[in-house]
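In UniProt numbering, the protein residues as written are 1 to 727.
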Amino acid sequence: MFNRFYRNRYGYSRWDGTQKIEGIDADDILNALADDYMEDGNLQQALKRLMRDGIQGQDGQRTMGLREMMERMRNTRREQLNRYNMASGVMDDLREKLEEIKKLEREGIQQRLDGKQPASHSNPSEQGNQQGQQSQRGEQGQAGQQSQMGSQGEGQMGQAGQQGQSDQGGAEGDGLTPEQKQRMLEMIAKRKQDFLNGLPKDIPGQIKGLSDYDFMDDQAREKFNELMQSLQQQMMQQFFQGMQQSLQNMSPEDIANMREMIRDLNKMLRERQQGLEPDFDSFMQKHGQYFPGVNSLDDLIEQMQQQSAAMQGIMDNLSPEQRQELQDLMDQLMGDDRIRVDMMELAQNLEALAPSDQMRTRFPFRGEESLPLNEAMRVMGRMQQMEGLEEQLQEARRLENMEAIDSQKVKDLLGDEEYQSVEQLKQLMKTLEEAGYIQKKGNRWELTARGIRKIGQKALQDIFNKMKRDGFGRHVSPFRGVGGERTDESKAYQFGDPFLLDLEKTLMNAVHRRGTGTPVNLTKEDFEVYRTELTTQSSTVLMIDMSLSMVYNGCQQAAKKVAVALESLIRSQFPRDNLYIVGFSYMAREYKPNELIELSRYDNDRGTNMAHGLMLARQLLARQRSANKQIIMITDGGPTVWHEEEYGWQFAYPSPFAEQQTLLEVQRCTRENITINTFMLYDDHWMVAFVNQLAQINHGRTFYADKDNLGEYLLVDYLNSKRKLVS
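Shown next, in the form of structure tokens:
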């Protein structure tokens with residue numbers, strides 16, 4: 001029984017990328033673009049702005065727009081540029097690691113001399129043999145022939161070291177006294193210290209020297225080997241993403257396979273340059289392990305270009321001296337001359353097929369934090385991918401084509417929230433089409449009749465939501481009566497009432513009178529029937545001022561919205577009523593509801609031809625037999641256009657001729673029992689005087705409203721005049 005206490009419990013937390021965003025539905029999408037669409041009647045532009053700005057759903061769910069995504073991405077890029085230092089960071093990181101290795105080696109040498117570290121080799125003489133062999137390769141040349149010593153022990157060490165006679169050195173070493181062994185160890189230690197001190201200052205020179213050096217300290221040796229493996233992997237991965245082994249750890253067979261792969265790749269790229277169709281499938285069967293996730297030659301070229309561009313981006317941030325130093329290091333790490341030549345050809349082929357200038361952007365890093373080479377390549381790669389993604393987002397905005405955006409790249413670079421938004425924006429058109437709100441004609445999308453009705457309902461809902469009322473039920477007077485539509489209220493039946501029986505209350509009345517038991521006997525006093533509303537049938541012409549001043553004063557959108565809302569109200573609540581819409585500026589004409597919703601500011605013209613508008617409205621109402629006929633006129637100014645027999649329609653502001661002809665039309669409407677209610681959106685003395693004359697002639701009402709409350713005034717007035725409940 002305790003389940004009911006926990007059934008509707010909810011938890012709230014900050015977005016962390018794991019929560020699921022429920023989809024924005026078609027109604028949310030249409031509501032989001034309704035106002036924008038009604039402003040200029042251009043569905044394509046409204047959809048474009050919706051993609052740009054995003055969508056706010058009714059339940060608070062939000063789909064991010066393209067503009068916010070681009071802003072977030074730019075902020076991320078800006079943070080990276082302000083955080084990292086590429087100009088010296090990469091080389092400084094390598095120097096720090098080399099200094100750490102040399103420090104470990106010096107400390108290890110000193111510990112050996114102090115007897116605190118176990119020997120890396122079996123005895124000093126064996127160390128001497130190996131060191132002597134190595135000194136001929138590296139240490140001898142750089143340390144200044146330090147194996148030439150004057151004492152007998154030194155001569156033996158020099159002979160063992162320079163000539164590499166390990167057997168003799170080992171035999172002699174076995175017969176050395178502890179003092180002689182210590183002296184030999186000191187000689188070896190001094191030679192190694194001198195070698196370390198004599199290493200070149202440039203990084204390639206240090207790495208070359210240490211590559212030929214036999215470390216005394218095991219930890220220093222291990223650190224150096226790790227550094228070499230890491231550098232070689234990074235150097236190869238600038239082209240081959242699947243390269244997991246360093247060159248020095250490759251077996252001869254592995255190296256041969258890699259040479260073959262590079263040669264086959266160069267052959268395939270040359271064939272592409274020649275306009276041939278390379279056998280990509282065969283290539284991937286042999287060498288696919290180097291290119292994970294690649295499905296075509298174009299994908300392969302793009303992947304290699306991106307990897308290479310990351311390294312080139314780092315190079316571009318270095319000084320000429322640093323750039324040459326890093327290039328020398330890469331050449332040295334390559335090791336195998338044949339691979340180096342093949343790699344140079346590969347770079348040339350890639351440049352021919354996909355010029356690096358197309359992806360080459362200099363990123364001005366200005367931060368303090370240094371990065372190792374692998375992290376620098378990762379950061380540079382992300383920066384370049386963000387730039388490419390920004391181009392996709394801009395293209396999507398320009399061409400209204402969300403399919404141009406790589407959703408997975410959005411997820412990788414920005415996060416799950418942005419990914420969800422992109423996926424929802426991609427489904428935007430499909431969602432509207434499946435809901436029946438839009439349809440495609442040729443290359444353009446347009447609203448269906450259902451979509452137009454939905455926008456009308458949205459306009460109506462917006463207006464009533466602003467009212468401090470609960471809905472239609474409050475827009476009635478306190479009269480009850482016969483005829484019309486049934487309400488939810490009931491009353492005792494009286495002769496003449498429509499027999500809309502409230503069965504439940506009728507039976508309860510009988511039970512209350514006679515108590516429980518069956519059968520239940522009914523009398524005429526028990527009967528209760530539902531009350532009814534008297535709903536009058538009327539015909540209305542909504543006259544909308546479409547002069548340029550309505551645009552300049554910001555009133556056009558409000559007038560258009562209330563017209564759409566009134567059409568929706570009449571269609572849904574009073575389907576027997578008739579509604580016509582007339583727009584007037586220099587001339588007047590009738591508009592159908594679907595035409596009205598597509599009107600833009602460019603349809604407005606100079607002039608306020610009220611006379612022509614009233615004449616057209618009167619002619620439309622003459623077709624109907626309704627007892628209740630009215631004209632609702634929305635305007636922000638007085639009449640400025642009149643008609644002359646010889647010259648046709650004329651324009652002037654202000655114009656007594658226009659006023660005179662307009663008031664004549666008002667008289668004709670009055671004689672035909674047509675009420676004119678005027679909604680004024682602008683208040684000046686000339687207009688007030690004219691409207692007062694109009695009201696005196698017609699006995700209609702005048703409302704002075706602003707654009708923000710026009711809808712409330714007009715719809716409430718319409719409802720008050722429509723629903724009269726008679727007792």
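Glycine included, every Cβ here is placed at the ideal spot set by N, Cα and C.
- Residue ranges of uninterrupted alpha helix (DSSP H) with 4 or more members, entirely inside the region 488–557 and ordered along the chain, are 503–514, 548–552.
- Assignment of D202 by DSSP, reduced to helix, strand and coil, places it in the coil class.
- Between M216 and E99, the C-beta gap is not smaller than 9 Å, which leaves the two residues out of contact.
- Under the DSSP assignment, A588 falls in the beta strand (DSSP E) whose first and last residues are 588–591.
- Going by C-alpha positions, E271 is about 17 Å away from M343.
- Straight-line measurement puts the Cα of L663 at about 7 Å from the Cα of L694.
- With contacts defined as CB atoms closer than 9 Å, V90 and A354 fail to qualify as a contacting pair.
- With the rule of 3 Cβ pairs closer than 8 Å, the region 69–82 counts as touching the region 364–371.
- In the structure shown, G65 adopts coil according to DSSP, grouped into three states.
- The region 419–428 and the region 62–80 touch, with three or more beta-carbon pairs separated by less than 8 Å.
- For the set T608, M610, K592, T670, the Cα lying nearest the Cα of Q630 is the one of T670.
- Put simply, the region 323–332 touches the region 203–216. At least three CB pairs are less than 8 Å apart.
- F657 has its alpha-carbon roughly 16 Å from the corresponding atom of Q667.
- In the three-state scheme derived from DSSP, where H, G and I count as helix and E and B as strand, G367 is classed as coil.
- Non-local beta-carbon contacts of Q439 in its own chain, meaning distances under 6 Å to residues more than five positions away in sequence, involve T448 in chain order.
- Contact check for W642 and Q661: beta-carbon distance about 5 Å, within the 8 Å limit, so the pair qualifies.
- By the neighbour-count definition (other C-beta atoms within 10 Å, threshold 16), V511 is an exposed residue.
- When N521, L318, A459, D194 are compared, the shortest CA-CA separation from E567 is found for A459.
- In this structure, the CA atom of R72 is about 8 Å from the CA atom of L414.
- Sixteen is the threshold: when 16 or more other Cβ atoms of the shown chains lie within 10 Å of the Cβ of Y419, as they do, the residue is buried.
- In the DSSP assignment, F283 falls outside any beta strand (DSSP E) and within the unbroken alpha helix (DSSP H) covering 280–287.
- Look at G415 here: in three-state DSSP terms it is coil, with no helix or strand label.
- Here the alpha carbon of M261 sits roughly 26 Å from the alpha carbon of G313.
- The three-state secondary structure of M680, taken from DSSP, is strand.
- Within the DSSP secondary-structure output, E446 pairs in a beta bridge with Q439.
- Its Cα nearest to that of Y586, the residue H612 stands out among N374, F574, H612, L616.
- Cβ neighbours of N401 within its own chain (closer than 8 Å, five residues either side excluded): E395.
- Less than 9 Å divides the Cβ of R77 from the Cβ of M383.
- Within the region 615–663, no alpha helix (DSSP H) run of at least 4 residues lies entirely inside it.
- Put simply, of I674, D331, D545, A220 the residue whose alpha carbon is nearest the alpha carbon of E107 is A220.
- Exposure of D114 is indicated by the presence of fewer than 16 other C-beta atoms within 10 angstroms of its C-beta.
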